[in-house]
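A short write-up of the structure that comes next.
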Amino acid sequence: MKKISRFLFGNNYEQQIRIKRFLIAAFSYVVFILLILFSVKIGILPYNKTYMIIIFGAIILTQVQQG
Numbered sequence: 524m525k526k527i528s529r530f531l532f533g534n535n536y537e538q539q540i541r542i543k544r545f546l547i548a549a550f551s552y553v554v555f556i557l558l559i560l561f562s563v564k565i566g567i568l569p570y571n572k573t574y575m576i577i578i579f580g581a582i583i584l585t586q587v588q589q590g
């Protein structure tokens with residue numbers, strides 16, 4: 524198990540934290556996109572504005588991940 528985690532997350536501790544933070548940010552971004560697409564399907568959001576919301580969400584999440 525330790526060898527698998529070392530292979531996935533790297534040896535040193537800072538690299539592990541960085542990769543885990545990236546995985547959390549990627550997962551939250553996927554959930555964010557799915558929520559937007561689901562709300563479009565229901566009819567809460569207008570279709571033409573969803574691309575802007577996805578782009579803004581990506582920008583915000585990358586800023587959060589870096590900080």
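Be aware that the sequence shown starts at 524, since it is given in this note's numbering, and climbs by one per residue. Yeah, the Cβ is synthetic: ideal placement off N, Cα and C, and Gly gets one too.
- When secondary structure is reduced to three states using DSSP, G580 falls in the helix class.
- In this model, M575 and N535 are separated by some 38 angstroms (Cα to Cα).
- DSSP places I567 in the coil class of the three-state scheme, outside both helix and strand.
- A distance below 6 angstroms between beta-carbons, with the five flanking residues on each side excluded, links G580 to the following residues of its chain, in chain order: F555.
- When the Cα atoms are used, Y552 and E537 turn out to be separated by approximately 22 angstroms.
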